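Below is one structure, written out as structure tokens; comments come after it.
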Amino acid sequence: MTKGTTSFGKRHNKSHTSCRRCGKVSFHIQKKTCSSCGYPNKKMRNFNWGEKAKGRRTTGTGRMRYLKTMTRRFKNGFREGTQAKKQVA
29 MTKGTTSFGK
39 RHNKSHTSCR
49 RCGKVSFHIQ
59 KKTCSSCGYP
69 NKKMRNFNWG
79 EKAKGRRTTG
89 TGRMRYLKTM
99 TRRFKNGFRE
109 GTQAKKQVA
């Protein structure tokens, strides 16, 4: 048996399928765990040695619907329902 071309022809079983949480094809069918996000664990899988991988899924990679207005509101002391005073030149 050779270890090259002939062996590659026998590879037709899938060990991983798509994950419900992260969407990657990293969910191991027999182990029932995702090699990327760690599903079904409640905590997301991340390691300090994978700094680039961390950056792909941390805060700021999505829409940040609530958080993107936070810095502006903090700068103004979280004031609400007030009108700007007219400037006298």
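Residues in the sequence shown are numbered from 29 upward in steps of one, following this note's numbering. The beta carbon of each residue, even a glycine, is placed where N, CA and C say it ideally should be. Computed from a predicted model, the values in this text were never measured in an experiment.
For this session: Would you be able to state if there are at least three C-beta pairs under 8 Å between the stretch 55-66 and the stretch 38-46?
Result: yes
Exercise. When DSSP builds the beta bridges, which residues end up paired with residue 36?
Worked result: BP columns for residue 36 are empty, so no partner.
Exercise. When the distance is taken between beta carbons, is residue 78 closer than 8 Å to residue 72?
Worked result: no
For this session: Please list the segments of the alpha helix (DSSP H) lying wholly inside the stretch 33-88, counting only runs of 4 or more residues, in order along the chain.
Result: 33-36 and 79-85
For this session: Measure the Cβ-Cβ separation of residue 74 and residue 80 and say whether it is below 8 Å.
Result: no
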